[in-house]
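One structure is given below, encoded as structure tokens.
Number of protein chains: 4
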Amino acid sequence: MTTTIPSLTQDLRDFAAARDWAPFHSPKNLAAALSVEAAELLEHFQWLTEEQSRHLPQAKKDEVGAEAADVLLYLLQLCDKLDIDLLESARRKMLVNAEKYPVATARGSSQKHTAD
Amino acid sequence: MTTTIPSLTQDLRDFAAARDWAPFHSPKNLAAALSVEAAELLEHFQWLTEEQSRHLPQAKKDEVGAEAADVLLYLLQLCDKLDIDLLESARRKMLVNAEKYPVATARGSSQKHTAD
Amino acid sequence: MTTTIPSLTQDLRDFAAARDWAPFHSPKNLAAALSVEAAELLEHFQWLTEEQSRHLPQAKKDEVGAEAADVLLYLLQLCDKLDIDLLESARRKMLVNAEKYPVATARGSSQKHTAD
Amino acid sequence: MTTTIPSLTQDLRDFAAARDWAPFHSPKNLAAALSVEAAELLEHFQWLTEEQSRHLPQAKKDEVGAEAADVLLYLLQLCDKLDIDLLESARRKMLVNAEKYPVATARGSSQKHTAD
Numbered sequence: 651m652t653t654t655i656p657s658l659t660q661d662l663r664d665f666a667a668a669r670d671w672a673p674f675h676s677p678k679n680l681a682a683a684l685s686v687e688a689a690e691l692l693e694h695f696q697w698l699t700e701e702q703s704r705h706l707p708q709a710k711k712d713e714v715g716a717e718a719a720d721v722l723l724y725l726l727q728l729c730d731k732l733d734i735d736l737l738e739s740a741r742r743k744m745l746v747n748a749e750k751y752p753v754a755t756a757r758g759s760s761q762k763h764t765a766d
Numbered sequence: 651m652t653t654t655i656p657s658l659t660q661d662l663r664d665f666a667a668a669r670d671w672a673p674f675h676s677p678k679n680l681a682a683a684l685s686v687e688a689a690e691l692l693e694h695f696q697w698l699t700e701e702q703s704r705h706l707p708q709a710k711k712d713e714v715g716a717e718a719a720d721v722l723l724y725l726l727q728l729c730d731k732l733d734i735d736l737l738e739s740a741r742r743k744m745l746v747n748a749e750k751y752p753v754a755t756a757r758g759s760s761q762k763h764t765a766d
Numbered sequence: 651m652t653t654t655i656p657s658l659t660q661d662l663r664d665f666a667a668a669r670d671w672a673p674f675h676s677p678k679n680l681a682a683a684l685s686v687e688a689a690e691l692l693e694h695f696q697w698l699t700e701e702q703s704r705h706l707p708q709a710k711k712d713e714v715g716a717e718a719a720d721v722l723l724y725l726l727q728l729c730d731k732l733d734i735d736l737l738e739s740a741r742r743k744m745l746v747n748a749e750k751y752p753v754a755t756a757r758g759s760s761q762k763h764t765a766d
Numbered sequence: 651m652t653t654t655i656p657s658l659t660q661d662l663r664d665f666a667a668a669r670d671w672a673p674f675h676s677p678k679n680l681a682a683a684l685s686v687e688a689a690e691l692l693e694h695f696q697w698l699t700e701e702q703s704r705h706l707p708q709a710k711k712d713e714v715g716a717e718a719a720d721v722l723l724y725l726l727q728l729c730d731k732l733d734i735d736l737l738e739s740a741r742r743k744m745l746v747n748a749e750k751y752p753v754a755t756a757r758g759s760s761q762k763h764t765a766d
């Protein structure tokens, strides 16, 4: 069976319900946990050069993949609690970004990112 | 057309390519940007009580949804650069978590989370 | 001998020099490391209630103290590399905050913090 | 008058008391705010190369200095609430680090940092 955002969301709901974790999973706490996981992911890169980060050995990629999974799992739980449709929000955000960073002016410039 | 993780990933690839952003988008930089966006999401919750965070007004939910989208968009770009299959990693991580936090012992305890 | 910000800064300089760490200690990398340490500190609190966070057992306080130290040590190294006078910046920031959050309007409101 | 860690701590105490901010300033919330400020600092560096980060223009240094101040101010408030002596913790942490990263083995290696 294919893993999708809706199937993961349902699995996470069942997982937390079976463990009575609802009291811990306030949106505030999930946002903090998400931020902590994102930092754990960053930790893998903090002393690497950009070039090294483009050529990770497979073992390191697997570790990064596990941290990326943690980020996604908390993000999905947060969105689920807040009735946010994450994929639809992402689609809308891409339209906003297309207006904010027109190809003509954003080309090759990191200035685009300043108001993210 | 339905928005999916693969379709978003392709859209992000096209978006960055049209703007020549590859030089900025090293995995190291994307990991930093991801972490910054996760913190911007957390900022919405930092002075709220947990209870308040469970009852956000719709306008605030929309803002949080836009930040959640930013987190996802950087996460997808990072995984794309590193050839990480995010959904598959998430599926595997849930199996790991099921072993790590058995229902019998993890029930109602936040101790489960200590070794995340 | 009393530990002060200037004495710690000098000790950190000597420590890094003895280990040839200058190549790793770009301001960019130090800023990432600082952010990672701040998240490790936050991790101690993520599943606690606010009330629990006000009454930490001593062992937990010691752990938090060690993380707080890590945050300070990276902050000092970052400021040293950029010739930023941290204490003077902090003094100036407090003057800015005093204007931004006048007692009359900021009293008892978390709104003060929105534009931090 | 010289600005010191103890004088800043006292000023922060007075500042928060005058505004009745004690209810917001639980250690949990202060830890979240600290982490958010550290990410705002990191944001200034996320698209820069390491080399660029070593040669910031003065205007950018001033902005970074203001963010560094925010980090320090929350760190001091957090430590104050928890009765943590930050400078003493930092001094102790440096002794721990001296044992953990002996000059002979840590020289020129970023491996030192892995267990931070």
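First to last, the sequence lines map onto chains S, W, D and F.
Count the first sequence with my numbering and you get residues 651 to 766, in order.
Count the second sequence with my numbering and you get residues 651 to 766, in order.
Count the third sequence with my numbering and you get residues 651 to 766, in order.
Count the fourth sequence with my numbering and you get residues 651 to 766, in order.
Backbone N, C-alpha and C define an ideal beta-carbon position, used for all residues, glycine too.
Going by C-alpha positions, residue 674/D is about 40 angstroms away from residue 734/S.
For residue 733/W, the three-state secondary structure derived from DSSP is coil.
For residue 701/D, no CB of chain S lies under 8 angstroms from its own CB, so it is not counted at the interface with that chain. Pairing residue 745/F with residue 728/D, the inter-Cα distance amounts to about 20 angstroms.
Inside the region 660-729 of chain W, DSSP marks no whole beta strand (DSSP E) run of 3 or more residues. Between residue 669/F and chain D, the shortest Cβ-Cβ separation is below 8 angstroms.
Rounded to whole angstroms, the gap between the alpha carbons of residue 677/D and residue 704/S is 20 angstroms.
Of the residues 712/S, 756/S, 747/S, 736/S, the one whose Cα lies closest to the Cα of residue 711/W is 736/S. The beta carbon of residue 721/S sits closer than 7 angstroms to those of 684, 687, 688, 691, all from its chain and outside the five residues before and after it, given in chain order.
For chain F, the residues of the region 685-713 of chain W that bring a beta carbon within less than 7 angstroms of one of its beta carbons are 685, 686, 689, 692, 693, 696, 697, in chain order.
By a beta-carbon distance limit of 8 angstroms, residue 669/S contacts residue 756/W. Their separation comes to about 5 angstroms. Cβ contact annotation for residue 681/F (same chain, cutoff 7 angstroms, sequence separation greater than five): 728, in chain order.
Only exposed fits residue 753/D, as fewer than 16 other CB atoms lie within 10 angstroms of its CB. As the crow flies, the alpha-carbon of residue 716/W is around 7 angstroms from that of residue 743/S.
For residue 665/F, the closest Cβ of chain W is not nearer than 8 angstroms. For residue 741/W, the three-state secondary structure derived from DSSP is helix. Taking the Cα positions, residue 725/D is about 7 angstroms away from residue 718/F. Annotation: the continuous alpha helix (DSSP H) that includes residue 755/D extends over 753-756.
Its Cα nearest to that of residue 694/D, the residue 713/D stands out among 679/D, 658/D, 750/D, 713/D. In the structure shown, residue 657/D falls within a helical segment according to DSSP collapsed to helix, strand and coil.
Scanning 699/W, 666/W, 732/W, 706/W for the CA closest to the CA of residue 758/S turns up 666/W.
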